[in-house]
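Asker:
Residue numbers (this note's numbering): 5 to 474.
1) In this structure, how does DSSP classify residue 203 when only helix, strand and coil are distinguished?
2) Indicate the three-state DSSP secondary structure (helix, strand or coil) for residue 83 in the structure shown.
3) I'd like to know whether the C-beta atoms of residue 246 and residue 203 end up nearer to each other than 8 Å.
4) Only counting runs of 3 or more residues, tell me where the beta strand (DSSP E) segments fall wholly within the stretch 179-261, in order along the chain.
5) Short of 6 Å in beta carbon distance, which residues of its chain neighbour residue 12, apart from the five on each side in sequence? Order them along the chain.
6) I need the DSSP call for residue 419, collapsed to helix, strand or coil.
7) Can you tell me which residues form a DSSP beta bridge with residue 299?
8) Three-state secondary structure (DSSP) at residue 337?
9) For residue 336, which residues of its own chain have a beta-carbon under 8 Å away from its beta-carbon, when the five flanking residues on both sides are left out?
10) When the distance is taken between beta carbons, is residue 257 closer than 8 Å to residue 266?
11) For residue 53, list the residues DSSP reports as bridge partners.
12) Just to confirm the assignment, what range does the alpha helix (DSSP H) spanning residue 164 have?
13) So what does DSSP say about residue 265, is it helix, strand or coil?
14) With H, G and I counted as helix, E and B as strand and the rest as coil, what does DSSP make of residue 345?
15) If we count the other Cβ atoms within 10 Å of its Cβ and call it buried at 16 or more, is residue 286 buried or exposed?
16) Let me confirm a value: residue 357 is counted as buried when at least 16 other C-beta atoms fall within 10 Å, else exposed. Which label applies?
17) Roughly how many angstroms separate the alpha carbons of residue 189 and residue 143, rounded to a whole number?
18) Strictly by DSSP, which residues pair up with residue 39?
19) Evaluate residue 301 with the Cβ neighbour count: other Cβ atoms within 10 Å of its Cβ, from every protein chain shown; 16 or more gives buried, anything less gives exposed.
20) Which of the three DSSP states, helix, strand or coil, is assigned to residue 314?
21) Per DSSP, what kind of secondary structure is residue 116 in: helix, strand or coil?
22) Within the same chain, show all residues whose beta-carbon is closer than 7 Å to that of residue 107, passing over the 5 residues directly before and after it, in chain order.
23) Excluding the 5 residues preceding and the 5 following residue 372 in the sequence, name in chain order all residues of the same chain whose CB lies nearer than 6 Å to its CB.
24) Three Cβ pairs or more, each shorter than 8 Å: is that satisfied between the stretch 184-199 and the stretch 160-170?
25) Given a cut-off of 8 Å on the beta-carbon distance, is the pair residue 271 and residue 218 in contact?
26) With 16 other CB atoms within 10 Å as the buried threshold, where does residue 66 fall?
27) Let's see if you can read the secondary structure: which residues bound the beta strand (DSSP E) around residue 173?
28) Does DSSP classify residue 276 as helix, strand or coil?
29) For residue 51, is the classification buried or exposed, using 16 other Cβ atoms within 10 angstroms of its Cβ as the cut-off for buried?
30) On the criterion of 16 or more Cβ atoms from any shown chain inside 10 Å, does residue 253 qualify as buried, or is it exposed?
31) Going along the chain, which residues of its own chain have a beta-carbon closer than 7 Å to the beta-carbon of residue 259, five neighbours each way excluded?
32) Closest to residue 187 by C-alpha separation, out of 30, 240, 465 and 232, would be which residue?
33) In the DSSP output, which residue or residues are listed as bridge partners for residue 30?
34) Measuring alpha carbon to alpha carbon, tell me which of 31, 60 and 28 ends up nearest residue 15.
35) Quick one: using the 10 Å Cβ neighbour count with 16 as the cut-off for buried, is residue 378 buried or exposed?
36) How about residue 179 and residue 198: are their beta carbons less than 8 Å apart?
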């Protein structure tokens, strides 16, 4: 399953392309301006980005660098109806995987998808293996809450015990890789390599060869012997990310390796023994998967010897500002170091936000805010609309809206029909937020000060939102 983001102001083309990609098994998200595209990428992991070269608010070349910074793992395909723009295409050559000249056919789309996803697959499961002696020396787990302090203490205790297998669970973006790194650097194998494997990126047919290696001639294309990931991690840590995505047929081979730390290369007859710590991570409910028969119970309980559960960011609000400050301090110098902090209003918005994407969402958001910040401090007016939840309508609010609509119709109050889908009705959070602002302004007879108070935002933020409505 691949996640694809389309950034194109041509809604009809975006819809057609989206429908075709969904048919091919992709999860697709669309944005129709450069700013909305960057906001979408800040909160949405992406394997593939289709980017139009001409957008209403930004040039596609201006979107490319922030997009690659937000999602360095994604492949980018440029779409353009202006192939004669040779200077623009030359400027981005080498930073994108391919180009599509609009209009294009699905037959033209197919080889582009194949090249993009092949590149993506190669980059994902070619592991980030630290060579002997170059393992990470220090891992920071930022957090001042009691929960975070207890978590760090438990991880260090497990690491010091020399545990052979551990299972890290938590929602996407909570920092499972960071916890795996801490288990490594605080344990007896800290001088060894740290090898990371994304289990979801390795197909069932390649799993055994990738994990255990192969001998020359083991299969077509095996022109030489090759070490597998388990062998590369000898003396260190093998981090199996997204363990819940491992094909069921491959789980038995993984269990055998966990039990005795020995394996055969594909096409080999000699057993190879390693001394490796196995750390697995998942955002799935493995216990439920065991009950469903999609994950082996014996493998689950073998990994459960040392469980580490990372809580979502929304349950530890004391960590929000320290984390935001940490990421700002890391990211701002990469973009000139001009941005040095947040306004008090922005800090309050950060504290009250739910953070569904957890720490990863925060990191990506702050990078986007730093890139687009016009001054030295990030203000609340720069935050996306989801940071400004509309208050639940009270009875009086509902009455007001009903009376207002009735008055517009020029009639008396009558029983309202059931709500039905309307093609012109706001469908996105962005549109709903704008509709709410318009309603409140109308209720306050255009008084921006009162409208800002009712919305729970500053007058400056309201001005910023109103300018985006034009």
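Using N, Cα and C, we set each Cβ at its ideal position, and we do this for glycine too.
Answerer: Quick answer:
1) The three-state reading of DSSP puts residue 203 in helix, counting H, G and I together.
2) strand
3) yes
4) For the stretch 179-261, whole beta strand (DSSP E) runs of length 3 or above, ordered along the chain, are 198-202 and 241-245.
5) 18 and 56
6) At residue 419 the pLDDT is 39, less than 50, meaning the model places this residue with poor confidence; the figure from the coordinates comes in the next sentence. Residue 419: coil per DSSP, three-state reduction.
7) DSSP, once it has assigned bridges, lists no residue as partnering residue 299.
8) helix
9) 342, 343, 344 and 374
10) no
11) 9 and 80
12) 150-164
13) coil
14) strand
15) buried
16) buried
17) 7 Å
18) DSSP, once it has assigned bridges, lists no residue as partnering residue 39.
19) exposed
20) coil
21) helix
22) Spatial neighbours of residue 107 in its own chain (CB-CB distance under 7 Å, excluding positions within 5 residues in sequence) are not present.
23) 42 and 46
24) yes
25) yes
26) exposed
27) Note, residue 173: beta strand (DSSP E), 169-173.
28) strand
29) buried
30) exposed
31) Shown here for residue 259: same chain residues with a beta carbon closer than 7 Å to its own, the five before and five after excluded, namely 300, 302, 303 and 306 in chain order.
32) Of the candidates 30, 240, 465 and 232, the one whose C-alpha sits nearest the C-alpha of residue 187 is 240.
33) Per DSSP, the beta-bridge partners of residue 30 are 6.
34) It is 60 whose Cα lies nearest to the Cα of residue 15.
35) Residue environment: residue 378 is assigned as exposed (fewer than 16 neighbouring CB atoms within 10 Å of its CB, all protein chains considered).
36) No, these two residues do not count as a Cβ contact at 8 Å.
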